Structures are given as C-alpha cells and as structure tokens.
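K.L.:
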C-alpha cells in the first residue's frame with residue numbers, strides 16, 4: 007500500500023521502499039547504509055553496526071530508476087512495563103538531503119506501526135526515540151502531542167515504564183545517559199556539510215528551539231535527546247495528513263536542499 011503511494015507521488019525521481027530483516031544485516035549491506043550515514047553524521051563503522059544489530063528491521067529507500075540508496079530507518083519493538091503495552095523504537099534515521107522534504111521517515115513509521123498492529127492488534131503502542139535535532143524536528147512537527155524524556159520524572163507507572171525502557175535502549179547501544187539532563191551520549195557528530203545545508207531560520211523553528219533548550223550543545227557534544235509519544239488517534243491523524251501533504255505536493259524534479267541564509 008505505502009509503496010503504491012510512493013509510486014503515485016508526483017515527485018521525481020520516484021522512490022521505492024524495501025524491508026530488510028535482521029537476519030539479512032550482512033556486512034556488505036550495512037556498509038552500504040553506513041556510507042550514506044557517515045556522510046551526514048560522522049560515525050565509525052563498528053559503532054554503526056553495534057546499534058544496527060539491536061534492531062529488528064530496516065526500511066531502505068531507493069531511487070526507483072537507479073536503485074541508489076537515498077535513506078533508511080531502523081525499527082524494533084521493545085517490552086514496556088505497562089498492561090497490554092509495547093514500545094516501538096526507531097533506530098538510526100538518515101535521509102539524503104535532496105529527499106528530506108518528502109516525509110519518507112513518516113512513511114516508514116506508519117508502515118512499521120501497521121505491521122506491528124497486524125501482529126498484536128490489542129496492544130497499546132508507544133513510540134520511543136533517541137534523536138538528533140534533525141530527526142526530532144522532522145518527527146515532532148508531524149505530531150499533535152509528545153513528551154521529552156526526563157529521567158527525573160517518576161510520578162506514575164507510565165513514567166517508570168518509559169524511563170526503564172529508555173535506559174534499556176541506552177545499555178543495548180552502549181550509550182551513556184546523563185541522570186540530570188536525560189541526554190544520551192551517542193558519540194555521533196554533525197558534519198559541517200550537513201549543518202551548512204540548513205538556513206538559520208531552520209534553527210528558529212519551534213521544534214528546533216525546544217530541542218536546543220534541552221540539548222544546547224547539540225552541534226558539538228555528540229549527544230542526542232530522547233522523546234516519546236503514544237499512537238493516539240490524534241497523533242495518527244496528524245501524521246497521516248503530513249504524509250499525504252508531503253508526498254502529493256507539486257515540486258521540482260529533485261527537491262533542492264534548503265537555501266543558505
């Protein structure tokens with residue numbers, strides 16, 4: 007269904023999505039993904055593989071004409087200590103700059119949600135993410151409600167469950183969590199080329215300002231912030247509208263990177 011939407015989109019070049027299971031995370035395949043990732047956010051291959059292999063699947067976006075990779079998103083589900091609940095966890099998200107305005111990360115998220123719901127239709131699903139500023143902005147701007155991860159928030163069963171789930175995710179990927187700020191030291195750093203593609207006004211967007219308030223050293227500290235939300239009907243409606251709006255807008259053959267301010 008979602009591949010059909012990608013084919014019907016008027017944006018060119020067309021994009022297709024493929025799902026790769028963890029059993030097929032071979033070294034050549036991971037090196038292909040790492041090549042795109044490292045050009046955007048500097049990270050050594052071994053570090054990349056540790057995180058990649060904690061996930062269940064990766065959605066890979068390719069140009070339909072050449073087969074070249076233009077983006078990917080890792081996914082898995084994780085236990086959550088709440089009745090009939092489970093967490094959906096987005097791993098590394100990387101999209102080539104020329105394809106960032108198409109909402110491909112939202113397409114990937116909706117696909118994994120549908121697959122998870124099909125397997126467990128009565129389960130209440132949460133989304134947990136440890137994200138760079140760019141991932142945070144691209145996801146939260148397509149949501150009605152979300153929460154920043156705060157390890158000091160301990161008042162309810164939901165707070166405790168979310169906290170423990172985030173700490174477990176950090177341990178699995180060898181990330182250090184700051185008990186005061188809630189920031190995750192991931193040792194992934196923005197490249198100058200990536201930052202230069204965004205005009206100053208991008209960093210003034212409300213979501214970017216909120217991220218910067220939580221992680222003021224995001225440009226150089228190698229840390230990400232965490233956030234989470236429930237897949238409520240309100241969030242799903244906003245996400246679906248965002249996907250349709252981005253996929254079916256009229257645009258140039260290849261969307262250019264944002265102009266420099």
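Numbering (the numbering used here), first residue to last: 7 to 267.
We treat Cβ as the ideally placed atom computed from N, Cα and C, and that holds for glycine.
Note that the coordinates shown come from a computational prediction; the quantities given were computed from them, not determined experimentally.
#1: On a CA-only basis, which of 146, 20, 115, 224 is nearest residue 268? Give me that one, please.
#2: Using a 10 Å radius around the Cβ and a threshold of 16 neighbouring Cβ atoms, would you call residue 201 buried or exposed?
#3: Under a three-way DSSP split, which group does residue 253 fall into?
#4: Nearest to residue 227 by alpha carbon, out of 172, 212, 196?
#5: Measure the beta-carbon distance from residue 171 to residue 84 and round it to whole angstroms, keeping in mind my assumption that it falls under 8 Å.
#6: Rank 42, 90, 55, 20 by C-alpha distance to the C-alpha of residue 71 and give the top, closest one.
#7: Between residue 176 and the rest of its own chain, which residues show a CB-CB distance below 8 Å, the 5 nearest in sequence each way excluded?
#8: Quick check: what's the CA-CA separation for residue 130 versus residue 168?
#9: Flag this pair as yes or no: are the beta carbons of residue 114 and residue 79 separated by less than 7 Å?
#10: Report the three-state DSSP secondary structure of residue 231 (helix, strand or coil).
#11: If you check the beta carbons only, do residue 150 and residue 244 fall under 7 Å apart?
#12: Going by C-alpha distance, which of 47, 122, 36 is nearest residue 268?
#13: To test your reading of the DSSP string, which unbroken beta strand (DSSP E) runs of 3 or more residues are found completely within the region 17-90?
#14: With distances taken Cα to Cα, identify the nearest neighbour of residue 68 among 53, 86, 56, 100.
#15: Can you tell me the Cα-Cα spacing of residue 267 and residue 210, whole angstroms?
#16: Can residue 213 and residue 220 be called in contact, C-beta distance under 7 Å?
P.N.:
This is what the structure gives:
#1: Residue numbering for the chain in the displayed model covers 7 to 267; residue 268 lies beyond these limits and cannot be assessed.
#2: exposed
#3: helix
#4: 196
#5: 6 Å
#6: 20
#7: 136, 182, 183, 190
#8: 13 Å
#9: yes
#10: strand
#11: yes
#12: Beyond the ends of the chain as shown, which are 7 and 267, falls residue 268; an answer cannot be given.
#13: 21-27, 63-69, 75-85
#14: 100
#15: Only weak support exists for where residue 267 lies, its pLDDT of 28 falling under 50; the coordinates are left without a value.
#16: no
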